[in-house]
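These notes are about the structure you will find just below.
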Amino acid sequence: GVRRPGGVRAALEASEADWVPNPGLRTWAHGFCCGAFAGMVAALATTPTDVIKTVRQHHVEAGMSPSYREIFRYLVQSPRLAFAGIGPRLIRIPLGLSTMMSGLEATKWMFEQRRLR
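Just so we're aligned: 955 in my numbering is position 3 of the sequence shown, and the numbers increase by one with no gaps anywhere.
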């Protein structure tokens, strides 16, 4: 591609322009990829907390009432259990967030293009 002055940011923007030449599609793709990455990080960060909440709910419904400390101690002994259900969450959350972010960014871009006319 064409090399533009301005350092790393300009180089990245130039390579993005080569990758997706249409600015509207580039805005959508950028929002989609960033949303998917943010959703993946969010799913990984919140899964252990969600597992603790779910275990507590199931025990309360069964008439038992373990403390959060007991549940946490159990998950520390079996760390793989802290990420139970991570597979479906790594599909659902990134897809939802990527769809939302790409729609938001594309809509903002369209309104900006309309304002500039």
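No residue lacks a Cβ here, since even glycine has one placed at the ideal position from N, Cα and C.
These numbers were taken from a predicted model, which means no experiment stands behind them.
Taking the alpha carbon of residue i as the reference point, which residue from the options has its own alpha carbon closest?
i, options, result
"serine 1054", "Pro975, Asp970, Trp971, Ala981", "Ala981"
"leucine 977", "Leu1068, Lys1060, Arg1069", "Lys1060"
"asparagine 974", "Ser1017, Arg1041, Met1062", "Met1062"
"valine 1003", "Val972, Ser1030, Ala1014, Cys985", "Ser1030"
"phenylalanine 1024", "Asp970, Gly1037, Lys1005, Leu1042", "Lys1005"
"cysteine 985", "Met1052, Arg1067, Leu1068", "Met1052"
Our contact map puts residue i next to residue j with C-beta atoms below 8 Å; I'd like the distance itself, whole angstroms only.
i, j, result
"proline 1000", "histidine 1011", "Not a contact, Cβ separation roughly 17 Å."
"arginine 1008", "tyrosine 1020", "7 Å"
Below 8 Å between beta carbons: does that hold for residue i and residue j?
i, j, result
"serine 1050", "alanine 988", "yes"
"leucine 1042", "alanine 1034", "no"
"glutamate 1078", "glycine 983", "Since the first and last residues shown for the chain are 953 and 1069, residue 1078 lies out of range."
Checklist entry - Is it true that the stretch 1034-1049 meets the stretch 991-1000, where meeting means three or more beta-carbon pairs spaced less than 8 Å apart? => result yes
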